[in-house]
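The opening position of the sequence shown corresponds to residue 1 in the working numbering, with each subsequent residue numbered one higher.
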Amino acid sequence: MSNIGQSVKSLNPSAVPSKQCLDSSVPDILKPNCKSFQETQGVETSLLDPVVSRKDYIRFTLDKKGILHSNSKIKFSLKNVSGTDPTNAGFLPTTTGAKSFISKCVLRCGNQILDQTESFNLLSSYKNLFIDNEQVLRKESIKSGLMSAYRPIKFPFMDNSGVADGTEKPSEMTYDTGKEFSLDFTANTGTSTSATDKADTKLPDVANPFNLSDYVIDLHDMFNSLRFTQIPLYMCAEPVVIELFMETDSTKTLCKDESVTTAPVFELDVDSPVLIADYIYYDAETMAEFQNKNQMLQLPFRENKLITTTVNYDSNPNFVRNLGGAQKQINTITILHSETTATHNDSLYNRYYSELPADSYDINVKINDRFLYPISLENPSEIYSTTFRSEGLPMNITARDFKDTLGVDFTDNNLINGYDQDDTLEGLKHFICLRNITAERISNRGIELNINTTGGADSDVQQLVYLEMSKTLVLKNGRWSEVYG
1 MSNIGQSVKS
11 LNPSAVPSKQ
21 CLDSSVPDIL
31 KPNCKSFQET
41 QGVETSLLDP
51 VVSRKDYIRF
61 TLDKKGILHS
71 NSKIKFSLKN
81 VSGTDPTNAG
91 FLPTTTGAKS
101 FISKCVLRCG
111 NQILDQTESF
121 NLLSSYKNLF
131 IDNEQVLRKE
141 SIKSGLMSAY
151 RPIKFPFMDN
161 SGVADGTEKP
171 SEMTYDTGKE
181 FSLDFTANTG
191 TSTSATDKAD
201 TKLPDVANPF
211 NLSDYVIDLH
221 DMFNSLRFTQ
231 IPLYMCAEPV
241 VIELFMETDS
251 TKTLCKDESV
261 TTAPVFELDV
271 DSPVLIADYI
281 YYDAETMAEF
291 QNKNQMLQLP
301 FRENKLITTT
311 VNYDSNPNFV
321 RNLGGAQKQI
331 NTITILHSET
341 TATHNDSLYN
351 RYYSELPADS
361 YDINVKINDR
371 FLYPISLENP
381 SEIYSTTFRS
391 EGLPMNITAR
401 DFKDTLGVDF
411 TDNNLINGYD
421 QDDTLEGLKH
431 FICLRNITAE
441 RISNRGIELN
451 INTTGGADSD
461 VQQLVYLEMS
471 KTLVLKNGRW
481 SEVYG
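This is the structure:
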């Protein structure tokens, strides 16, 4: 274990919107990256080894000192256990990066769970949509292997024969790999050596675990509540514990190049996990005064409750389902559809996508015996805009990502690791988020989800619904308890 003492004004000002600094429900001393206390703030960084490290499970125990900074990180490495030569290329799912290896994460103190996320890898494919395009390309691709940035592309017109005529096709969309496509022409002929109008671009080395297998994930990505508050570890009677349950099904963690038949197999290197824990300190008087004045400290937390079911929209076109949530304060309802039982490693996304398999549909939720929307949402553009308004952030996707009839086409000329983007990407980021704008506590009847489809596919898909619940964590005499708001 090593310790590095440092004084900083801010570890990462972009981690939390500045408006969170105005939230009166969180004491100033516990607000991430807010300025009121930064002048006297000190940070000690400890590199903590896990208490338990198996290929399916990791557990860290934090020291009972200072305040846990939300930008603390977990680093881990992958190792090749398939014996496959690096030329048999594989890559991380572009929508999740290395987060595909984490299926569940838990933050607890003693027996009290403070925050947890089930099917974290699936949910991260949605949450990653709100990371800025430039940040994905320049930062997240290197940190976590996330490769979901995009850009417009102009491709030369070659009449499907590899002969360029000096004109360009209309502007289309492509994954931004940080590389330009390359066309090789036979000398003095003006004809592509492939004799087609296709050009293959490889994902960067950071997405290929054969080349780079060290990845870093922030705690506030795994535990949403840490974006809004930080944990006073020195006030806890028992140590705070972080648990990661790893995805062990190798078909769900990597993708393979289109040209190969067998995907390589990687798993967690059990000797690699490290928790890079940042402990915040203030002067002794300030910390003692804060503890004495907050013998019963109340902190707002947000918990994602997962409800799953299997649905066939051909046999059940008028889908109605009770989501629960009785006597809880529900903020948002996030809906994903994925074929989680099928093998999808022959793609750019693996299983980390969402597609509602129907020609058209309308959606509404009933809260306290009243529909949330007077008229059900039906227009894809309206559902798209409702989703990012519900989150309060712009979505880093194209309209064609959301629905294959909206916006500008993905190109079928620039192949990514052999995959035709026009055939394999469109309409696969159809995530739906609805905000409970009534702000009412849910009655005993719970929330009722209504989806009416036309032209539903005759296949089973797994529907995953995340209810974001507000709760209050109470720290009294060093012991945590929870109260749902």
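The beta-carbon is built from N, C-alpha and C at its ideal position, and this holds for glycine as well. These numbers come from a predicted model, not from an experiment.
Look at the alpha carbon of threonine 248 and the alpha carbon of lysine 55, and state the distance between them as a whole number of angstroms. 7 Å
Nearest to glycine 446 by CA position, among Asp422, Ile330, Asp404, is which residue? Answer by Cα proximity: Ile330.
Closest by C-alpha distance to glutamate 180, when choosing among Glu168, Glu172, Ile153: The shortest CA-to-CA distance from glutamate 180 to any of Glu168, Glu172, Ile153 is the one to Ile153.
Candidates Ala207, Thr94, Cys236, Asp132, of which the one nearest tryptophan 480 by Cα: For tryptophan 480, the nearest C-alpha among the options comes from Cys236.
Of the residues Asn450, Glu482, Thr229, His430, the one placed nearest leucine 129, counting alpha carbons only: His430
Segment contact, 8 Å Cβ cut-off, at least three pairs: the segment 62–70 with the segment 280–287: yes
Measuring CA to CA, which of Lys169, Thr411, Pro380, Lys143 is closest to aspartate 205? Lys143
In angstroms with no decimal places, state the Cα-to-Cα distance between serine 443 and alanine 358. 31 Å
Could you tell me which whole alpha helix (DSSP H) segments of length 4 or greater appear in the segment 179–262? 219–222
Through-space distance from proline 300 to alanine 439, alpha-carbon basis: 16 Å
Near leucine 449, which residues of its chain fall below 6 Å by C-beta distance, leaving aside the five closest residues on each side in sequence? Arg321, Leu323, Val365
Report the three-state DSSP secondary structure of lysine 31 (helix, strand or coil). coil
What three-state label does DSSP hand lysine 65 in the structure shown? coil
Let me check understanding here. Comparing Cα to Cα, which of Leu226, Glu238, Thr95 lies closest to tyrosine 349? Thr95
Does the Cβ-Cβ distance between proline 93 and arginine 227 come in under 8 Å? no
DSSP beta-bridge partners of phenylalanine 76: Tyr215
Have a look at the DSSP bridge pairing and note the partners of proline 156. Glu168
Got a sec? Which residues, its chain only, sit under 7 Å from leucine 306 by beta carbon, not counting five neighbours each side? The answer, listed in chain order, is Glu118, Ser119, Leu464, Tyr466.
Delimiting residues of the alpha helix (DSSP H) encompassing arginine 445: It is not in any alpha helix (DSSP H) - arginine 445 carries neither H nor E in the DSSP assignment.
Which of helix, strand or coil DSSP assigns to proline 300: strand
Cα-Cα separation between glutamine 135 and methionine 173, rounded to whole angstroms: 18 Å
Going by DSSP, name the residue or residues bridged to asparagine 477. Beta-bridge pairing links asparagine 477 to no other residue.
Apply the 10 Å Cβ neighbour rule to methionine 296 and answer buried if 16 or more other Cβ atoms are within range, or exposed otherwise. exposed
Coil, strand or helix - asparagine 350 by DSSP: In this structure, asparagine 350 counts as coil in the three-state DSSP scheme.
Who pairs with asparagine 452 in a beta bridge, going by DSSP? Asn318, Asp362
Touch check for the segment 43–58 and the segment 197–214: three-plus C-beta pairs under 8 Å? Taking 8 Å as the limit for Cβ pairs, the verdict is that the segment 197–214 does not touch the segment 43–58.
Could you name the residues of the same chain whose beta carbon sits closer than 6 Å to that of serine 124, not counting the 5 residues immediately before and after it, in chain order? Thr96, Lys99
Assign glutamate 440 to one of three DSSP states: helix, strand, or coil. coil
Within this structure, are the beta carbons of proline 441 and serine 390 separated by less than 8 Å? The sequence given here places arginine at residue 441; proline does not occur at that position. Taking 8 Å as the Cβ cut-off, arginine 441 and serine 390 do not qualify as a contacting pair.
I'd like the list of long-range same chain contacts for glycine 145, defined as Cβ closer than 7 Å, with 5 residues on each side in sequence excluded. Leu92, Gly97, Ala98, Val206, Ala207, Tyr215
What is the DSSP secondary structure of serine 390, reduced to helix, strand or coil? helix
Hey, out of Met158, Lys79, Gln230, whose CA is closest to isoleucine 29's CA? Gln230
In the DSSP output, what is aspartate 54 paired with across the bridge? The displayed chain sequence assigns arginine, not aspartate, to residue 54. According to DSSP, which records beta bridges pairwise, arginine 54 is partnered with Tyr57.
In this structure, what does DSSP give as the bridge partners for threonine 117? Cys105
In terms of residues, what are the limits of the alpha helix (DSSP H) holding threonine 286? Segment 284–293, the alpha helix (DSSP H) holding threonine 286.
Neighbour-count burial assignment, asparagine 304, 16 or more Cβ in a 10 Å radius: buried
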